[in-house]
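Anchor point for the sequence shown: position 103 equals 1323 in our numbering, and the numbering is continuous, going up by one each time.
Note that the Cβ used here is the ideal one computed from N, Cα and C, for glycine as well.
Just so you know, these numbers come straight off a predicted model, no measurement behind them.
Notes to accompany the following structure.
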Amino acid sequence: MLRSLRFAGRAALAFGSVGAGFAACLPAPESFATPRPPTVVRSTGFSAASEPPLILEYFALRGLGELARLVLECAGVPYDCVFHFQDGAYQKYAGTFGQLPVLRDGDLILCESGAIVRHLARRYSLEGTTLAEKAMVDMYYELSQDLSDKRGAIYDLDGHEEAAGLKKLLGYAEAACDGSHFVGSSMTLADIAMFKALHFFQEVAPGSLSPYPRLSAFVHEFEQLPAVAAYLTSDKRMPLTANELGKAPHAGISGYKFLQQPPPGSYATTWEGLKT
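Shown next as structure tokens:
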């Protein structure tokens, strides 16, 4: 999945310092690779004149930023959701390893998507309560990653070369889920991560989870949680691209064209960067 890019050539526009409303004057982006300044979608609950406690930066894609956004939404935490496009500005703000996503939590700057979501789980009590639960939460987080890695098989669960492996993993998940949770009796990172992987399957291959009634019930129940339902239709959620579907070989930059138009609010407000 996309972490960093070296763009061939410079953006056609020199954006420089632009006002917050500048992005709204530009046409809707067709891809995250559209040359334009970074944009921001802000949560409610704090003054627009001050920085929110958290800033999450990623390319204008779901990608490696999607799970962190879901964790923040489930935790009810206000944050700046920053989308970077092909103007190269992300290189100025990229974290320790020069890549995205980046989470800014006060003086703490984190990159690596797994480190970010685990930090958020610890910070907002989504990691499990006992030592055993915490280990199990980590285990199901890793299972969600394995499921996502085999997403190409969800379109052909009989003939794809990885279909047997994916069905085996789904079987393990089905046996572990009680229809509401994977670990314990309250929401954890395990639930959020598994929802992300399983909801994607239902989104791109409707009916693919029908052989797994507990997983189907879990996705149905989780997507109706108020915070999750609001996020799924919010300006913070970008449409998918062909590269993210996993249905065909990765097509490079051209494969990151949005399959649907992004919500207008996702590109309406220019992010002016970090305050100094």
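{"Item": "By the DSSP assignment, the beta strand (DSSP E) with F1305 in it spans what residues?", "Value": "Segment: none, F1305 is in no beta strand (DSSP E) and carries neither H nor E."}
{"Item": "Along the chain, where does the beta strand (DSSP E) that runs through I1275 open and close?", "Value": "L1274 to F1279"}
{"Item": "Does the structure place the segment 1412-1424 close enough to the segment 1347-1355 that three or more beta carbon pairs sit under 8 Å?", "Value": "no"}
{"Item": "Please report how far the alpha carbon of L1389 lies from the alpha carbon of A1395, in whole angstroms.", "Value": "10 Å"}
{"Item": "So the alpha helix (DSSP H) I1336 belongs to, where does it begin and stop?", "Value": "S1333 to R1343"}
{"Item": "When you compare each of T1254, R1324, C1397 and R1371 to E1441 by their alpha carbons, which one comes out closest?", "Value": "C1397"}
{"Item": "Taking 8 Å as the cut-off, decide whether the C-beta atoms of L1377 and V1424 are in contact.", "Value": "no"}
{"Item": "Quick one, which of E1381, A1383, V1302 and Y1278 has its alpha-carbon nearest C1331's?", "Value": "Y1278"}
{"Item": "So if DSSP puts R1262 in a beta bridge, which residue, or which two residues, is it bridged to?", "Value": "D1300"}
{"Item": "When the distance is taken between beta carbons, is A1393 closer than 8 Å to E1382?", "Value": "no"}
{"Item": "Spell out the partners DSSP gives V1357 in its beta bridges.", "Value": "Per DSSP, none; premise fails for V1357."}
{"Item": "Could you name the residues of the same chain whose beta carbon sits closer than 7 Å to that of G1475, not counting the 5 residues immediately before and after it, in chain order?", "Value": "T1461, A1462 and N1463"}
{"Item": "In whole angstroms, what is the alpha-carbon distance linking L1328 and H1380?", "Value": "43 Å"}
{"Item": "With a cut-off of 8 Å on the beta carbons, I'd call L1323 and L1276 a contact; round off their distance for me.", "Value": "5 Å"}
{"Item": "Is the number of C-beta pairs between the segment 1448-1456 and the segment 1398-1411 that are closer than 8 Å three or more?", "Value": "no"}
{"Item": "Given D1325, which residues of its chain have a CB within under 6 Å of its CB, disregarding the five upstream and five downstream residues?", "Value": "L1274"}
{"Item": "Under the assumption that L1340 contacts A1288 (Cβ atoms under 8 Å), give the Cβ distance between them as a whole number of angstroms.", "Value": "7 Å"}
{"Item": "Is R1282 helix, strand or coil by DSSP?", "Value": "coil"}
{"Item": "Can the beta-carbon of F1305 be found less than 8 Å from the beta-carbon of R1256?", "Value": "yes"}
{"Item": "Within 10 angstroms of the Cβ of S1364, are there 16 or more other Cβ atoms? Answer buried if so, exposed if not.", "Value": "buried"}
{"Item": "Please identify the residue among G1334, P1321 and R1343 whose C-alpha is closest to the C-alpha of M1497.", "Value": "Residue 1497 falls outside the range modelled here, since the chain spans only 1221 to 1496, and no answer is possible."}
{"Item": "Would you give the residue range spanned by the beta strand (DSSP E) that R1324 belongs to?", "Value": "V1322 to D1325"}
{"Item": "Below 8 Å between beta carbons: does that hold for A1447 and C1294?", "Value": "yes"}
{"Item": "Given L1292, which residues of its chain have a CB within under 6 Å of its CB, disregarding the five upstream and five downstream residues?", "Value": "Y1299"}
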